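Engineer:
In the numbering used here, the protein residues as written are 285 to 354.
#1: Tell me the residue span of the beta strand (DSSP E) that contains residue 302.
#2: Ignore the nearest five residues each way along the sequence and tell me which others in residue 299's own chain have a CB closer than 8 Å to its CB.
#3: Run through DSSP, which three-state label would residue 336 get?
#4: In terms of residue numbering, what span does the beta strand (DSSP E) encompassing residue 352 cover?
#5: With DSSP run on the structure shown, which of helix, strand or coil describes residue 331?
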């Protein structure tokens with residue numbers, strides 16, 4: 285079961301932003317990356333959000349993007 289408070293905050297951010305990276309969610313909500321990732325994974329499993337990867341130019345890991353599943 286996802287953390288209800290963080291889940292509500294993430295959904296609120298997604299309603300405003302449409303699509304956002306997990307890293308940007310952590311910065312906006314001032315919560316840890318593992319917590320946000322765990323909640324995102326739970327919300328994905330429930331079919332509330334979907335994720336995709338955005339390859340950035342140059343080196344580095346692709347960003348994980350999150351959006352509401354409409």
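Even for Gly, the Cβ is constructed at its ideal location relative to N, Cα and C. In this text, all values refer to a predicted model and were calculated from it rather than measured experimentally.
Structural biologist: Reading off the structure:
#1: Residue 302 sits at position 18 when you count from the first residue of the chain shown. Residue 302 -> no beta strand (DSSP E), and no H or E assigned at all.
#2: For the purposes of this step, residue 299 is taken as residue 15 along the chain shown, with counting starting at 1. Once the five neighbours on either side are set aside, the close Cβ partners of residue 299 are 352.
#3: Here residue 336 refers to the residue found at position 52 of the chain shown. Of the three classes helix, strand and coil, the one that applies to residue 336 here is strand, per DSSP.
#4: Sequence index remark: in the chain shown, residue 352 carries index 68 (1-based). Per DSSP, residue 352 belongs to the beta strand (DSSP E) from 347–352.
#5: For this step, residue 331 is matched to residue 47 along the chain shown. Reduced to three states, the DSSP call for residue 331 is coil.
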